[in-house]
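See structure below.
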Ligand code: SF4
Ligand code: FES
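Residue numbers (the working numbering), protein chains in the order written: chain A, 4 to 264; chain B, -3 to 138.
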């Protein structure tokens, strides 16, 4: 760790941190910590300082420190943020309030229970279901740059769940499949190599799926990877509506729900 | 989701006591974007109200007297003045969102959003201009 003391910075900053220790049997509370202020520190650095120097009982998730693993998401002054990308200098000298991601159940301190989110990705089947099975000897599944472009944006998702914490629909209905899982469903539905759109349709196009979305649009605003889950959901609505009309006009001639690939 | 679910997962059992946070009833006041969303949703009441008014007018199409009385009544004029700004706000917010719904690909590139929203605005203007022209020219001989 860098030699903080030799910086002789006397500036400090206060962090008001959400605490919940299930074994103590106490209701959740906020605890204020004072940390050194450095303009190259992010909120996660401040939390690490607290854990190392002030209070080892504080719990939170993090890993990469560089905005790729998606595990350090928390509410910073009420906004869902990757704490490894939220600089103290953007808040200094105000006190910063750090809370676990909104709407998710809290397991301890800043750690939320993400099981439900993982389950949803399973329900949507966010993996490639090959359109045609072919033996390895037949070589790779080829794709043109134009075919790649159709879904590439949605592959950028790092499963950080910030979008869920920005979504009042998810806040009101925890069963809503939600922005990231739907965007990832679209990611595979729009992939020319994928043939799983019909298998995903039941969940994606259900009442807990795209039709629960009222297009608040904040998921796309908070997404650190520019995935635009709100856009993905609206495009899926168009696809679902087209499919419905097609099945209506041409009984038996229902096209699969992948949209134009 | 109940308060003390202890679902065993691959990572081991989850502690029995989880803290569930209630969504505050005033969530829509917490962020300007949420408030704008709520306003957008509320504007549809006025758009709906105006549609009712149009239906009432349509029901009087064969009775010019009744049609004009309704059209000229202070209540109807008031309603239109109130509904107009809401209808404009409603249309503008939705037109601005059209690029998210309508994605047109040219090879590897998306057609830029401003073109898609712009096309909607152009259509809106054209239809409005057409209606004004129709009303004006119809008004001279009626
Ligand atoms: S869509 Fe964006 S905000 Fe949502 S989980 Fe993926 S990367 Fe995070
Ligand atoms: S620690 Fe990996 S995204 Fe922040």
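Using N, Cα and C, we set each Cβ at its ideal position, and we do this for glycine too.
Look up residue 146(B) in the DSSP assignment and give the residues it is bridged to.
-> Missing from the structure shown is residue 146(B); chain B here goes from -3 to 138 and no further.
From this set, 183(A), 209(A), 208(A), 108(A), which residue's C-alpha is nearest residue 223(A)'s C-alpha?
-> 183(A)
Using beta-carbon positions only, say whether residue 46(A) and residue 101(A) come within less than 8 Å of one another.
-> Yes, the Cβ-Cβ distance between residue 46(A) and residue 101(A) is below 8 Å.
Rounded to a whole number of angstroms, what is the C-alpha to C-alpha distance between residue 215(A) and residue 179(A)?
-> Each residue's Cα considered, the two are about 7 Å apart.
Would you check if there are 3 or more beta carbon pairs closer than 8 Å linking the stretch 41 to 58 of chain B to the stretch 81 to 88 of chain B?
-> yes
Say whether chain A places a C-beta atom closer than 8 Å to the C-beta of residue 23(B).
-> yes
Along chain B, which residues have their Cβ under 9 Å away from the Cβ of residue 238(A)?
-> In chain order: 96, 97, 98, 99.
Between the C-alpha atoms of residue 41(B) and residue 116(B), what's the straight-line distance to the nearest angstrom?
-> Between residue 41(B) and residue 116(B), the C-alpha separation is close to 22 Å.
Of the residues 39(A), 33(A), 21(A), the one placed nearest residue 13(A), counting alpha carbons only | 39(A)
Output the distance between the C-alpha atoms of residue 135(A) and residue 146(A), rounded to the nearest integer angstrom.
-> So the alpha carbons of these two residues sit roughly 14 Å apart.
Is any beta-carbon of chain A found at less than 8 Å from that of residue 13(B)?
-> yes
What's the gap between the Cα of residue 217(A) and the Cα of residue 210(A)?
-> 12 Å
With a threshold of 7 Å, establish whether the CB of residue 98(B) neighbours any heavy atom of ligand 1.
-> no
Can you tell which of 64(A), 236(A), 83(A) has its C-alpha closest to the C-alpha of residue 74(A)?
-> 64(A)
Could you name the residues of the stretch 172 to 194 of chain A whose beta carbon sits closer than 7 Å to any beta carbon of chain B, in the order they occur along the chain?
-> Residues of the stretch 172 to 194 of chain A with a C-beta atom less than 7 Å from some C-beta of chain B are 174, 175, 177, listed in chain order.
CB of residue 66(A) to nearest heavy atom of ligand 2: below 7 Å?
-> yes
Neighbour flag for residue 110(A) against chain B, beta carbons, 8 Å = yes
Nearest chain C C-beta to residue 51(B) closer than 8 Å, yes or no?
-> Among the protein chains in the structure shown, which are A and B, there is no chain C.
Is the beta carbon of residue 131(A) sitting closer than 8 Å to the one on residue 68(A)?
-> no
Comparing alpha-carbon positions, which option in 15(A), 232(A), 42(A) lies nearest residue 91(A)?
-> 42(A)
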